[in-house]
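*Asks:* The structure that follows is given in the form of structure tokens.
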């Protein structure tokens, strides 16, 4: 595939078992979908309707979260350093933290490669969220040896 259109994005989402919940929210060639686990993500066509193609020569996979007072530039930077396969960003005005996996299709990609990129982006979204919003007490039980010694 050297380009994608809305039907391609739909096929990609459905082939991976996701439910499409909105079409066109981020432009004509875009959709929002939900994984079976409840993770919401966006597929967005980029570089569309150019002199080179009527379709889109690139695409983004985005996972977005609402920001809060725990979000800091340092945590966003740490997420970017930790997970280089996606770009982590913070839109303060839009009150959103997100991850983006950008794919350039000019040289061609297989549908299988698009699926793998989608899988990777969806796996990394929650890991990035763990960096931005660490759950300090998730592993306290590992260090609580008082109960073990009784």
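Numbering (our numbering), first residue to last: -19 to 130.
We put the beta carbon where it would ideally sit given N, CA and C, even for glycine.
As the structure is a prediction and not an experimental result, all values here were calculated from the model.
What does the alpha-carbon distance come out to for the pair residue 39 and residue -2?
*Replies:* When rounded, the distance between both Cα atoms is 17 Å.
*Asks:* At a cut of 8 Å, does the region 12 to 22 reach the region 59 to 69 through at least three beta carbon pairs?
*Replies:* They do not touch, by the three-pair rule.
*Asks:* Should residue 81 and residue 109 be called a contact, given that it needs their Cβ atoms to be closer than 8 Å?
*Replies:* No, Cβ-Cβ distance for residue 81 and residue 109 is not below 8 Å.
*Asks:* Would you call residue -7 buried or exposed, if buried means 16 or more other Cβ atoms sit within 10 Å of its Cβ?
*Replies:* Buried is the call here.
*Asks:* Use the C-beta contact count for residue 61: other C-beta atoms within 10 angstroms, 16 or more gives buried, fewer gives exposed.
*Replies:* The residue is exposed, with fewer than 16 neighbouring Cβ atoms inside 10 Å.
*Asks:* Are residue 37 and residue -17 touching if we call contact CB-CB under 8 Å?
*Replies:* Their beta carbons are under 8 Å apart, which means residue 37 touches residue -17 by this criterion.
*Asks:* Would you say residue 76 and residue 47 are within 8 Å of each other, going by their C-beta atoms?
*Replies:* Result yes, Cβ atoms of residue 76 and residue 47 sit closer than 8 Å.
*Asks:* Just verifying my parser: in three-state terms, what is the DSSP assignment at residue -19?
*Replies:* Residue -19 falls in the coil class under three-state DSSP.
*Asks:* Since residue 104 and residue -19 are thought to touch, with beta carbons under 8 Å apart, how far apart are those beta carbons, to the nearest angstrom?
*Replies:* About 22 Å separates the two Cβ atoms, so there is no contact after all.
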